[in-house]
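Residue numbers (the working numbering): 37 to 186.
Ideal Cβ placement from N, Cα and C applies to all residues, glycine included.
In this text the structure is predicted, and so the values were computed from the model without any measurement.
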């Protein structure tokens, strides 16, 4: 019985539904001026042209409910965000999975992390504040954390 409990503990603790925790891949923080030129341009020209072109009407829609913002529209086929809900209280969000479909890897992003997750050249830039795209020009004063994906 003792061996069974140890084996059960090892199996339960060893299994995860993601490959990496995004917070473990942290590279550094930077202000708007330190972001790559393409990312700065994408934020300054928000919403990007490819979102406006895909939208019916004049309102732009974001893929994945605004979670991901792609600097290069070709990346929309390579990444997706999936919200994982608590299995006991199904209305509670546990975390978001950022899935790299090309490399078949997933990254856990803990709940409470501000959106959007800006994808550019296998890196993710996440603002440290909420609503950086909702208030005019607040994205220029925000600090961003850069994560290098595997």
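Option in the options with minimal Cα separation from residue i
i	options	result
residue 103	154, 180, 174, 159	154
residue 183	57, 55, 61, 56	61
residue 120	106, 145, 109	145
residue 80	156, 174, 181	174
residue 73	186, 54, 164, 157	157
residue 75	161, 186, 148	161
residue 64	177, 163, 168	163
residue 159	176, 186, 178, 177	186
residue 176	78, 59, 55, 54	78
Beta-ladder partner(s) of residue i, from DSSP
i	result
residue 117	134
residue 123	In the DSSP output, where bridge partners are listed per residue, residue 123 has none listed.
residue 143	56, 134
residue 104	153
residue 129	121
Distance between residue j and residue i (C-alpha atoms, nearest Å)
i	j	result
residue 117	residue 67	25 Å
residue 124	residue 130	11 Å
residue 135	residue 142	4 Å
residue 170	residue 138	31 Å
residue 82	residue 70	18 Å
residue 128	residue 109	31 Å
residue 57	residue 132	10 Å
residue 180	residue 115	20 Å
residue 168	residue 140	30 Å
residue 106	residue 148	21 Å
residue 113	residue 178	28 Å
residue 111	residue 122	29 Å
Delimiting residues of the beta strand (DSSP E) encompassing residue i
i	result
residue 76	Element bounds for residue 76: not the beta strand (DSSP E) but the alpha helix (DSSP H), 73-80.
residue 176	Note, residue 176: premise wrong, no beta strand (DSSP E); alpha helix (DSSP H) at 174-177.
residue 64	62-67
residue 160	159-163
residue 155	153-156
residue 185	Per DSSP, residue 185 belongs to no beta strand (DSSP E) and is neither H nor E.
8 Å Cβ cutoff, residue i in contact with chain C
i	result
residue 180	Of the protein chains in the structure, only one exists, and it is not chain C.
Whole-number beta carbon distance between residue j and residue i, since they are thought to touch under 8 Å
i	j	result
residue 166	residue 150	5 Å
Any non-hydrogen atom of the ligand HEM within 7 Å of residue i CB
i	result
residue 175	With respect to the ligand HEM, the structure offers nothing, as it holds no ligand at all.
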